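The numbering of the sequence shown is our numbering, which starts it at 48 and goes up by one.
As structure tokens, the structure follows; a few thoughts come after it.
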Amino acid sequence: MKIIKTISELRTCIQQERSFSKSIGFVPTMGFLHEGHQSLLQHARENNDVVVLSIFVNPLQFGVNEDLDRYPRDFERDEQIATKNGVDILFYPAVAEMYPKEMPMTITVTKGVDVLCGQSRPGHFDGVATVVMKLFQLVQPTNAYFGQKDAQQLAIIMNMVESFNIPVTVIPCPTIREVDGLAKSSRNVYLTERERIEAPFLYKTLQEARALIQAGETNRTKVVDMMKRRLAQGLGQIDYVEVLSYPDLEIDDTLKGQIIIALAYRYEHARLIDNDIIHIKEEE
Ligand code: AMP
């Protein structure tokens, strides 16, 4: 595995691989790798000649009062995990390499950002889209792998690829969970013991909402209210609970078609997100 820290070295390496017409599978991450990231790497490994992993905690996607400085990092451990998962190129740039000066131009996301994390983290998805656009230009991947855990991010990246005709296939990968149902996340290390014991109730609440919808409930407000009542009993605070069309992320009071049930929940030192995407069968 090659560890590359500079853009010029990455460009040389990618040019070489492309000259042999090799397919490139790309997994962009912020590091502190867990089984969720590893499942993306495995999908990439199975379907491409070359696997590129990027590890970059992107300052552009963090708000002023968010956890940029506290975001967990452990490069040595990540390096071992990357090697174990068959990564060929690990791109690990410093902030000054990616942003040598203030960006004179950035992406503004105009659709699907007035809800969910877009609403509670203003500017977040502009930062995500900008860094992913940069990384796509550098890595020039054939396939790029994103987790459904971050379903709004996935929808926005797909819109970006379509909007700018980027020649990459975006592959969605399912959410990987702990045995008790808690979605794997780098931020789970910040849960207190009590919070960690309670946290699987986020997924259980999603499952209850799914069951309610599958039993025939199509009233969005009733589903949202049920979830809010359930989550209000926890140790943390609700950031949002929402049921929207997916991937359009639009509010419809009557649930139909493909929908996302999504939540964000604030514990003392960690804000967790989770979601479930379901397809409501049309009446015959
Ligand atoms: P992050 O390092 O949190 O920016 O995540 C990098 C990629 O891994 C994103 O595409 C995430 O959606 C994905 N990811 C994070 N957690 C999970 C998970 N539990 N299951 C599947 N994919 C995940």
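Using N, Cα and C, we set each Cβ at its ideal position, and we do this for glycine too.
Remember, it's a predicted structure, so these values are computed and weren't measured experimentally.
Annotation: E264 is outside any beta strand (DSSP E) and is labelled neither H nor E by DSSP. F183 is the residue among A91, I285, Q280, F183 whose C-alpha sits nearest the C-alpha of I54. Note that the C-beta distance between I218 and N190 is below 7 Å. Counting every other CB atom within 10 Å of its CB across the protein chains shown gives K131 a total below 16, marking it as exposed. In this chain, K49 is not harboured by any alpha helix (DSSP H); it is covered by the beta strand (DSSP E) spanning 49-51. Classified as buried, R318 has 16 or more neighbouring CB atoms from the shown chains inside 10 Å of its CB. The Cβ neighbour count for M152, taken over all protein chains shown within 10 Å, is under 16; the residue is labelled exposed. Remark: the shortest separation between the CB of K231 and any heavy atom of ligand 1 falls under 6 Å. Membership of T216 in the beta strand (DSSP E) is indicated by the continuous run 216-220. DSSP places T155 in no beta strand (DSSP E); its state is neither H nor E.
The DSSP assignment places complete alpha helix (DSSP H) segments of no fewer than 4 residues inside the segment 161-229 at 163-167, 171-186, 198-210, in order along the chain.
Where R318 is concerned, the enclosing beta strand (DSSP E) starts and stops at 318-327. Under the three-state reduction of DSSP, Y237 is assigned to helix. Under the three-state reduction of DSSP, V142 is assigned to helix. For F122, the enclosing alpha helix (DSSP H) starts and ends at 122-131. Between the alpha carbons of L100 and G263 lies a gap of roughly 42 Å. By the Cβ rule, the segment 157-167 counts as touching the segment 283-303, because three or more pairs are nearer than 8 Å. Not one heavy atom of ligand 1 sits closer than 6 Å to the Cβ of G281. Each of E56, K49, E82, M48 was checked against the Cα of V226, and the nearest Cα belongs to E82. Using a Cβ distance threshold of 7 Å, A91 and V98 count as a contacting pair.
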